[in-house]
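Student: Protein chains in written order, with this note's numbering: chain A, 102 to 373; chain B, 102 to 373; chain C, 102 to 373; chain D, 102 to 373.
Think of the CB as a built atom: it goes at the ideal place given N, C-alpha and C, for glycine as much as any other residue.
Sharing a structure below in structure tokens format, with a few things to ask.
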């Protein structure tokens, strides 16, 4: 009978590497002690929409533009994203406005399409889609891996390990809220994930207060909390017309609100 | 701006179809008021192991043999299954012992390999792998869709809808325990899922007390509870040497225990 | 510095006593392998109401009448129970119809008033009201201790220990559902609590499917599941006019439904 | 049939009072936009211990001294507190060092003993001990009401309503972590409780990162997060010898660590 071997210490573990990992993406360094800000709409909806939001968030201080092209939605009857056309629009923005981009990939068969996307996001629902994780591990692309909404700290790190063990160590862990009995917020942002992941791992840790609460009015407070707790990056949903957004409008803030948030977040970063 | 349309009533809903759906698989009818029993090891480990267990569970009254060939495991360093070879062994058993089989599929690219598998299982971790669900929807294969360990009743049914809306209505929902604060059991078997899914949907409902508790000593009690609550099918992990199993040994019962369970389960089915 | 001593093995533990405890209440023996049925309204509302329901449930096979006089309610503006007058009415029913009674006590200062109540219930919200538990421990009254809605098996047993360690071993543990992310049911009935408490402890275990689901239409299925899983007792909310109940009408069944439930529950008990 | 009346708008609600409530305790104003710091040991253990810690936390900037005299413990075999003697020691410290004190009350019968205690704490386990809450409502004492570990925002506010509706509006709500599936931390600190309680209510909101995480190494990060999210007060467990503490040593920080925390917390408060 073939023997099964377990490797006890994870590549992502602090025991394996004492110093924080820094992910360098065209000069933007995530995890080096500064604060990286990722912002943009939940979904890419049109050329006009994505250009307009991208300009606004860039001006306000965003380091990366986020935008969903492939949208994993609970119901098949919800808007599923512009798909390939959405990626094309993002790449156009990237080139025109010179801002690196983050977008979610849902299947390994799309890897070619995402070749010029700067950070590939793996969503909560795919945190244990090991086929996808292994495929990403065989690239060198930076991956932003979102914690599943019912995954423990150790589980998100063993999921990251599927990427690292294939040779790609450019992984950022993202806390985006967990599912609890509380229904006032969409999810419960687990702020202790920031120091906990930092204790367990050398990988950078980002926080998404938009999904983390599902309420635009809490996004600023939770963003500042995340920075105060030591997060390396924030990922914020911004929309020029939240009330008309194709998805997640309720948790999107406006460019104006985002500008104020960035200033405050940087001020908090400075004092800690 | 393109309009987004939502279809309010799901195809899986009781409103769409009043009568229970019956899934007929070579004469085995799941959902017709009887009790279907699926049993076998967590993982296919060797020819000897799978043949030996298959004979035992068939003799004891199992309608279907289960066995994992592709194993989604939390850690990349755990046994990942025999993969294609595992499927091959299952098909050999199927032919030799004339017992239909159930096995988990983790990626649409494996569909060809699973052509003769009778029921394709989608695991909890893939309950929202919509790429996979849509691909299964384009086949006519019976699918056993496991509820995610943090998914609501409505979410597992909207996941099923990804399959139904593509044209495949052969879906069985499987309750296998949810994640709660209780750690004495591996998961908390949500027994109310049985009447709840029945109320919301016309699809058959199965219960997996092995994952539902993670403890072999509770499997019989929980199986009888599932039958008493009205489950159409049970899915039980059985291993000839639980202590040596490559995976999930702690929750596997022996063929002898399984035989007693089947007798009691049928007796309970009869009185209700 | 004074030393703190911990007693490792609980009095309620299987290690302390191998045989199941049997609680004998005027000839009704809870925990002796049979099925004890407790039924009645959530709240005592009037003389007419409690007499009418008591007659009906007794006739249908209930061993004990339940009825709340002191009602711990989430909001101070909800009906708080008839209090002392409610206890008086219960005692009148007890005497007239010769049926033992169960009612909730919320404060030790009411102990005198409950002198002739057969089983004192401690509700979920008071499972860790240690002042109350210790006071009950100094009596010899049978206590039905409900598991808190976020308490582990071990925690409900260490709460029971506050009663046992004061000298009163007449404790029945009651599973009544835990709080999870699922909102379709009021609580998630944790059916594995039955075999788990039995494994950990010699105390009898009751199940309350009414609070456990919050939905009258699921009460029968969950009752049968509880019996099949090995419960010693069921505690069911029955109301002659559920739609007009002062509290918990949505989870109350009618006397007619209760009669059918009792027959089926006894049939399931017989076959297992 | 007697009519049951529900009052729709809570006294604690923002609809009832637009401006934030300020609780003035001998000149210390909780809720006025500043940051109040409560610190001290989990349990009062000895005269020497409590005086030593009190001096240290006062010097480091604590506004209130906390210390448990009556300790509700999961097991009856754990240290239950010095009880009346503990309160006596706290009052001695209060007089000698001129620092107001916070201590937990577990039963209304102890109210006399707590007459000179500045803030009466109601612990998580007693959040729905309505007998106790009503008794506190009939005093004018400031009450720090801890959210139950499985209570929603609305539930902690309806519990507060038991105090307010009896005439006492001096209530501070305290977030101290909720129970989730994550076991790496003792509880999951729900940081969104800060903006959520502020949105729903005019009462001040405190955060306890010690119970909120159960890990001393996370207390500073979570404290800063709480301040950044807008908390009015922090409640921190400090012990001069955490490793020897009678209770909760694992989550207690040292006076030296506390001093640094206070400086950083005030700096964060200033920039937001």
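Taking residue 208 of chain C as the query, report the chain D residues whose CB atoms sit under 7 Å from its CB, ordered along the chain.
Tutor: Here residue 208 of chain C refers to the residue found at position 107 when the third chain is read from its first residue. Neighbours of residue 208 of chain C on chain D, chain order: 232.
Student: So is residue 118 of chain C in contact with chain D if we call contact Cβ pairs under 8 Å?
Tutor: Locating residue 118 of chain C in the third chain gives position 17, counting from the first residue. Answer no: the Cβ-Cβ gap between residue 118 of chain C and chain D never drops below 8 Å.
Student: If distances are taken between C-alpha atoms only, which option among A:255, A:195, A:173 comes closest to residue 222 of chain A?
Tutor: On the first chain, residue 222 of chain A is found 121 positions in, with the first residue counted as 1. Nearest of A:255, A:195, A:173 to residue 222 of chain A, Cα basis: A:173.
Student: Check the Cβ of residue 282 of chain B against every Cβ in chain D and list those closer than 7 Å, keeping chain order.
Tutor: On the second chain, residue 282 of chain B is found 181 positions in, with the first residue counted as 1. In chain order: 280, 281, 282.
Student: With a cut-off of 8 Å, does the C-beta of residue 314 of chain B fall near any C-beta of chain C?
Tutor: What you label residue 314 of chain B is simply residue 213 of the second chain in a count that begins at 1. Closer than 8 Å to some Cβ of chain C, the Cβ of residue 314 of chain B qualifies, so yes.
Student: Can you list the beta strand (DSSP E) stretches of 3 or more residues lying completely in the stretch 153-209 of chain D, in chain order?
Tutor: Qualifying beta strand (DSSP E) stretches, in chain order: 165-167, 202-205.
Student: Please state the DSSP three-state secondary structure of residue 137 of chain A.
Tutor: Numbered from 1 along the first chain, position 36 holds the residue referred to as residue 137 of chain A. Residue 137 of chain A: strand per DSSP, three-state reduction.
Student: Could you have a look at residue 222 of chain C and say whether DSSP puts it in helix, strand or coil?
Tutor: Taking the first residue of the third chain as position 1, residue 222 of chain C is located at position 121. The answer is strand: DSSP assigns residue 222 of chain C an E or B state.
Student: Report the three-state DSSP secondary structure of residue 245 of chain C (helix, strand or coil).
Tutor: Looking up residue 245 of chain C in the third chain gives position 144. Residue 245 of chain C: strand per DSSP, three-state reduction.
Student: Look at residue 195 of chain A and residue 336 of chain A and say whether their C-beta atoms are less than 8 Å apart.
Tutor: If you number the first chain from 1, residue 195 of chain A lands on position 94. If you number the first chain from 1, residue 336 of chain A lands on position 235. Against a cut-off of 8 Å, the Cβ pair of residue 336 of chain A and residue 195 of chain A comes out as no contact.
Student: Just verifying my parser: in three-state terms, what is the DSSP assignment at residue 370 of chain D?
Tutor: Position 269 of the fourth chain holds residue 370 of chain D. Residue 370 of chain D falls in the helix class under three-state DSSP.
Student: Find the residues of chain B that neighbour residue 325 of chain C, judging by a C-beta separation of less than 7 Å, and give them in chain order.
Tutor: Position 224 of the third chain, counting from 1, holds the residue named residue 325 of chain C. Result: 329, 330, 373.
Student: Using a Cβ-Cβ cutoff of less than 8 Å, which residues in the same chain neighbour residue 233 of chain C once the five nearest sequence positions on both sides are dropped?
Tutor: Looking up residue 233 of chain C in the third chain gives position 132. 206, 207, 208, 209, 223, 227.
Student: Per DSSP, which residues does residue 374 of chain D bridge with? Please list them.
Tutor: Any answer about residue 374 of chain D is impossible in this case: the structure gives chain D only from 102 up to 373.
Student: Taking the straight line between their C-alpha atoms, what separation do you get for residue 132 of chain A and residue 165 of chain A?
Tutor: Taking the first chain and counting its residues from 1, the one referred to as residue 132 of chain A is at position 31. Taking the first chain and counting its residues from 1, the one referred to as residue 165 of chain A is at position 64. Cα to Cα, the separation comes out at about 14 Å.
Student: Measuring only the C-alpha atoms, how far is residue 317 of chain B from residue 268 of chain C?
Tutor: Looking up residue 317 of chain B in the second chain gives position 216. Looking up residue 268 of chain C in the third chain gives position 167. Approximately 35 Å between the Cα atoms of the pair.
Student: According to DSSP, which residues form a beta bridge with residue 289 of chain B?
Tutor: In the second chain, the residue the question calls residue 289 of chain B occupies position 188. Looking at the DSSP assignment, residue 289 of chain B forms a beta bridge with B:279.
Student: Which one of D:299, D:241, D:189, D:137 has the shortest CA to CA distance from residue 120 of chain D?
Tutor: Here residue 120 of chain D refers to the residue found at position 19 when the fourth chain is read from its first residue. Answer by Cα proximity: D:299.
Student: Use the C-beta contact count for residue 144 of chain C: other C-beta atoms within 10 angstroms, 16 or more gives buried, fewer gives exposed.
Tutor: Translated into positions along the third chain, residue 144 of chain C becomes position 43. Per the 10 Å Cβ criterion, buried.
Student: Can you give me the Cβ contacts of residue 175 of chain B inside the same chain, cut-off strictly under 6 Å, excluding the 5 residues immediately before and after it?
Tutor: On the second chain, position 74 is the one that residue 175 of chain B refers to. Here the set comprises nothing.
Student: What does residue 291 of chain C touch in chain B if you count any residue whose Cβ is under 9 Å from its own?
Tutor: Taking the first residue of the third chain as 1, we reach residue 291 of chain C at position 190. Within 9 Å Cβ-Cβ: 281, 283, 286, 289, 290, 291, 292.
Student: What does the Cβ neighbour count give for residue 259 of chain C, buried or exposed, with the cut at 16 atoms within 10 Å?
Tutor: Looking up residue 259 of chain C in the third chain gives position 158. The residue in question, residue 259 of chain C, is buried, as its Cβ has 16 or more Cβ neighbours within 10 Å.
Student: Quick check: what's the CA-CA separation for residue 242 of chain D versus residue 215 of chain D?
Tutor: Position 141 of the fourth chain, counting from 1, holds the residue named residue 242 of chain D. Position 114 of the fourth chain, counting from 1, holds the residue named residue 215 of chain D. In a straight line, the C-alpha of residue 242 of chain D is about 10 Å away from that of residue 215 of chain D.
Student: Is residue 154 of chain C closer than 8 Å to residue 340 of chain C when the C-beta atoms are compared?
Tutor: On the third chain, residue 340 of chain C is found 239 positions in, with the first residue counted as 1. On the third chain, residue 154 of chain C is found 53 positions in, with the first residue counted as 1. Against a cut-off of 8 Å, the Cβ pair of residue 154 of chain C and residue 340 of chain C comes out as a contact.
Student: How is the alpha helix (DSSP H) around residue 351 of chain A delimited, first residue to last?
Tutor: Sequence index remark: in the first chain, residue 351 of chain A carries index 250 (1-based). Segment: none, residue 351 of chain A is in no alpha helix (DSSP H) and carries neither H nor E.
Student: So, is residue 247 of chain C buried or exposed, given that buried needs 16 or more other C-beta atoms within 10 angstroms?
Tutor: Counting from 1 along the third chain, the entry for residue 247 of chain C is found at position 146. Under this definition residue 247 of chain C is a buried residue.
Student: Using the three-state DSSP reduction, which class does residue 334 of chain B fall into: helix, strand or coil?
Tutor: As a first step, residue 334 of chain B must be located in the second chain, where it is residue number 233. DSSP places residue 334 of chain B in strand when its eight states are reduced to three.
Student: Mark residue 200 of chain C as exposed unless 16 or more other C-beta atoms lie within 10 angstroms of its C-beta, in which case mark it buried.
Tutor: If you number the third chain from 1, residue 200 of chain C lands on position 99. Buried, since its Cβ has 16 or more Cβ neighbours within 10 Å.
Student: Of the choices B:315, B:306, B:134, B:231, whose alpha-carbon is the least far from that of residue 254 of chain B?
Tutor: If you number the second chain from 1, residue 254 of chain B lands on position 153. Considering only alpha carbons, the answer is B:306.
Student: Specify, as a first and last residue, the run of the beta strand (DSSP E) that residue 129 of chain B falls within.
Tutor: Counted from its first residue, the second chain places residue 129 of chain B at position 28. Looking at the DSSP string, the run of the beta strand (DSSP E) that includes residue 129 of chain B is 129-131.
Student: Could you check what DSSP says for residue 345 of chain B in three-state terms: helix, strand or coil?
Tutor: Position 244 of the second chain, counted from the start, is the residue given in the question as residue 345 of chain B. Of the three classes helix, strand and coil, the one that applies to residue 345 of chain B here is helix, per DSSP.
Student: Which class does residue 145 of chain B belong to by DSSP, given the choice of helix, strand or coil?
Tutor: Counted from its first residue, the second chain places residue 145 of chain B at position 44. Three-state DSSP puts residue 145 of chain B in coil, outside helix and strand.
Student: Tell me which same chain residues have a C-beta within less than 7 Å of the C-beta of residue 229 of chain A, skipping the five on either side of it?
Tutor: As a position in the first chain, residue 229 of chain A is number 128, starting the count at 1. Contacts found: 249, 260.
Student: Taking Cβ-Cβ distances below 8 Å as the criterion, which residues of the stretch 237-267 of chain B are in contact with chain C?
Tutor: Per Cβ criterion, the list reads 251, 253, 254, 255.
Student: Within 10 angstroms of its Cβ, does residue 352 of chain D collect 16 or more other Cβ (buried), or is it exposed?
Tutor: Reading the fourth chain from its first residue, position 251 is the one you call residue 352 of chain D. Buried, by the Cβ-count rule.
Student: Give me the chain C residues within the contact set of residue 229 of chain D, using Cβ-Cβ distance strictly less than 7 Å, ordered along the chain.
Tutor: For this step, residue 229 of chain D is matched to residue 128 along the fourth chain. The answer, in chain order, is 173, 226.
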